[in-house]
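*Asks:*
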Amino acid sequence: MRVLLLCLTFLWPALLHALPTALPAPGGVAILSLGPGGAQPRAGFNDERVAVVPTDGGWKAVVGLPLSLQPGDHRVEVTWADGRRSWHGFTVHDREYGESRITIDEERLVSPGPEDLKRIEAERARIRKALATWTDTVPDFNFAVPAEGRFSSGFGLRRFINDQPRNPHSGLDIAAPTGTPIHAPSPGRVILTGDFFFAGKAVFLDHGYGVISFYAHMNDIHVEEGQVVERGERIGDIGATGRVTGPHLHWTIYLNRTAVEPELFFER
Ligand SMILES: [Zn+2]
Numbered sequence: 004m005r006v007l008l009l010c011l012t013f014l015w016p017a018l019l020h021a022l023p024t025a026l027p028a029p030g031g032v033a034i035l036s037l038g039p040g041g042a043q044p045r046a047g048f049n050d051e052r053v054a055v056v057p058t059d060g061g062w063k064a065v066v067g068l069p070l071s072l073q074p075g076d077h078r079v080e081v082t083w084a085d086g087r088r089s090w091h092g093f094t095v096h097d098r099e100y101g102e103s104r105i106t107i108d109e110e111r112l113v114s115p116g117p118e119d120l121k122r123i124e125a126e127r128a129r130i131r132k133a134l135a136t137w138t139d140t141v142p143d144f145n146f147a148v149p150a151e152g153r154f155s156s157g158f159g160l161r162r163f164i165n166d167q168p169r170n171p172h173s174g175l176d177i178a179a180p181t182g183t184p185i186h187a188p189s190p191g192r193v194i195l196t197g198d199f200f201f202a203g204k205a206v207f208l209d210h211g212y213g214v215i216s217f218y219a220h221m222n223d224i225h226v227e228e229g230q231v232v233e234r235g236e237r238i239g240d241i242g243a244t245g246r247v248t249g250p251h252l253h254w255t256i257y258l259n260r261t262a263v264e265p266e267l268f269f270e271r
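Okay, so the sequence shown: first residue is 4 according to the numbering used here, each after it adds one.
#1: Would you kindly work out how many angstroms separate the C-alpha atoms of A178 and P171, rounded to a whole number?
#2: Residues in its own chain within less than 6 Å of P277 by CB, not counting five upstream and five downstream?
#3: So, does the stretch 39 to 56 touch the stretch 211 to 227, judging by three or more C-beta pairs under 8 Å?
#4: Is the CB-CB distance between P69 and T261 below 8 Å?
#5: In this structure, what does DSSP give as the bridge partners for Q167?
#6: Contact criterion: CB-CB distance below 8 Å. Does D108 meet it with respect to chain B?
#7: Tell me whether A219 sits in a helix, a strand or coil according to DSSP, three-state version.
#8: Contact defined as beta carbons within less than 8 Å: I believe H91 pairs with L37. What is the distance between those atoms, to the nearest angstrom?
#9: If we ignore side chains and look at the alpha-carbon of each, how far apart do N259 and T106 end up?
#10: Assign L26 to one of two classes, buried (16 or more other C-beta atoms within 10 Å of its C-beta) or exposed (fewer than that).
#11: Among the residues of its own chain, which have a CB less than 8 Å from the CB of R98, if the five just before and after it don't count?
#12: Run through DSSP, which three-state label would P250 get?
#13: Per DSSP, what kind of secondary structure is A179 in: helix, strand or coil?
#14: Identify whether I256 lies in helix, strand or coil by the three-state DSSP scheme.
#15: S71: buried (16+ other C-beta within 10 angstroms of its C-beta) or exposed?
#16: Assign P74 to one of three DSSP states: helix, strand, or coil.
#17: Secondary structure at A3, three-state DSSP: helix, strand or coil?
#18: Just confirm the distance between the C-beta atoms of T255 and S173, as a whole number of angstroms; I'd bet it's less than 8 Å.
#19: Excluding the 5 residues flanking H96 on each side, which residues of the same chain have their C-beta closer than 7 Å to its C-beta?
#20: Quick one: using the 10 Å Cβ neighbour count with 16 as the cut-off for buried, is L195 buried or exposed?
#21: State the Cα-Cα distance for the pair A205 and V113, rounded to the nearest angstrom.
#22: May I have all residues whose beta carbon comes closer than 6 Å to any heavy atom of ligand 1, sorted in chain order?
#23: First and last residue of the alpha helix (DSSP H) that includes R111?
#24: Sort out for me which residues DSSP pairs G47 with in a bridge.
#25: Taking T272 as the reference, give the member of R192, I224 and P265 with the closest Cα.
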């Protein structure tokens with residue numbers, strides 16, 4: 004009996020296949036039932052491959068919805084193992100995100116010069132490549148909060164830097180003193196580390212099926228590219244590197260190369 008219980012405890016996370024909280028809105032996650040078992044189908048949304056995970060009720064697509072997505076009817080295209088195709092519609096509702104205005108004094112960080120722009124473009128190419136990573140590992144969608152601190156700036160905020168409109172906030176900011184540890188919120192593999200113009204010292208983790216998380220403005224990086232990390236493993240420390248107004252962790256979760264609301268992944 005004791006052995007059985009131990010086995011069940013051990014198998015529980017694998018059997019559960021917890022999914023993120025569904026929020027069919029721009030910046031949210033749509034979860035669609037594709038149908039019963041059989042071989043794993045392949046699904047796409049706006050030309051991006053999306054995660055398809057096995058659940059008790061058959062295959063489910065877990066679709067990241069861009070902040071720029073228009074509310075209304077959308078659909079996911081599914082290709083089954085026998086070549087058959089099907090379309091699965093869903094409705095996206097409007098969602099209001101607030102706005103944030105910050106002031107950055109260092110002009111170079113606001114309006115980079117030609118040399119900086121060259122560097123920024125090269126870094127963007129490396130980041131695009133990392134975000135295109137696909138591994139056939141079922142992600143553990145139950146994410147822990149990666150660092151202790153105050154949620155200082157929410158996902159999706161419409162931002163203005165020195166009164167100039169910028170892209171909306173692609174992540175969640177957690178403010179804490181420099182040196183506060185950052186832990187991997189879910190098992191993964193380190194696919195990119197670096198010291199970037201805007202992001203400062205940063206780490207990208209691949210969790211499988213196009214689920215990628217990103218940690219920016221670190222003071223120290225404690226992992227190397229290629230390293231496999233367990234949930235809870237320290238990947239670095241909070242800092243104030245890159246374009247920041249103070250020490251904090253900027254944390255983004257990407258699904259199908261789309262930044263989505265991290266709070267949808269918190270342990271339930
Ligand atoms: Zn941020």
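Ideal Cβ placement from N, Cα and C applies to all residues, glycine included.
These numbers were taken from a predicted model, which means no experiment stands behind them.
*Replies:* Taking the structure as given:
#1: For the purposes of this step, residue 178 is identified with residue 175 of the sequence shown, where counting begins at 1. For the purposes of this step, residue 171 is identified with residue 168 of the sequence shown, where counting begins at 1. Between A178 and P171, the C-alpha separation is close to 19 Å.
#2: Here the chain has residues from 4 to 271 only, and residue 277 is not among them.
#3: These segments touch.
#4: Taking the sequence shown and counting its residues from 1, one reaches residue 69 at position 66. Taking the sequence shown and counting its residues from 1, one reaches residue 261 at position 258. Yes, these two residues count as a Cβ contact at 8 Å.
#5: Counting from one through the sequence shown, the residue named residue 167 turns up at place 164. According to DSSP, which records beta bridges pairwise, Q167 is partnered with I164.
#6: Note that chain B does not occur in the displayed structure, where there is just one protein chain.
#7: As a working note, residue 219 is residue 216 in the sequence shown. The answer is strand: DSSP assigns A219 an E or B state.
#8: Taking the first residue of the sequence shown as 1, we reach residue 91 at position 88. Taking the first residue of the sequence shown as 1, we reach residue 37 at position 34. That pair is a contact at about 6 Å.
#9: Taking the first residue of the sequence shown as position 1, residue 259 is located at position 256. Taking the first residue of the sequence shown as position 1, residue 106 is located at position 103. Near 32 Å, if we compare the C-alpha coordinates of T106 and N259.
#10: Walking along the sequence shown from the start, residue 26 turns up at place 23. It is buried - the Cβ of L26 has at least 16 other Cβ atoms within 10 Å.
#11: For this step, residue 98 is matched to residue 95 along the sequence shown. Correct list, in chain order: L26, A28, P29, G30, G31 and G159.
#12: Position 247 of the sequence shown holds residue 250. In the structure shown, the three-state DSSP call for P250 is coil.
#13: Numbered from 1 along the sequence shown, position 176 holds the residue referred to as residue 179. Note: A179 maps to coil in three-state DSSP.
#14: Counted from its first residue, the sequence shown places residue 256 at position 253. DSSP places I256 in strand when its eight states are reduced to three.
#15: Mapped onto the sequence shown, residue 71 falls at position 68. Result: exposed.
#16: Here residue 74 refers to the residue found at position 71 of the sequence shown. Three-state result, P74: coil.
#17: With the chain represented from 4 up to 271, any question about residue 3 goes unanswered, as that position is not in the structure.
#18: For the purposes of this step, residue 255 is taken as the residue at position 252 of the sequence shown. For the purposes of this step, residue 173 is taken as the residue at position 170 of the sequence shown. Correct: roughly 5 Å between the Cβ atoms.
#19: Along the sequence shown, one-based indexing puts residue 96 at 93. The answer, listed in chain order, is P27, A28 and P74.
#20: For the purposes of this step, residue 195 is identified with residue 192 of the sequence shown, where counting begins at 1. That one is buried.
#21: In the sequence shown, counting from the first residue as 1, residue 205 sits at position 202. In the sequence shown, counting from the first residue as 1, residue 113 sits at position 110. C-alpha separation (whole angstroms): 19 Å.
#22: S156, H172, G174, D176 and H253
#23: Reading the sequence shown from its first residue, position 108 is the one you call residue 111. From DSSP, the alpha helix (DSSP H) with R111 extends over E110 to V113.
#24: Locating residue 47 in the sequence shown gives position 44, counting from the first residue. Note: G47 sits in a beta bridge opposite R52 and E80.
#25: For residue 272 there is no data in the structure shown, the boundaries of the chain being 4 and 271.
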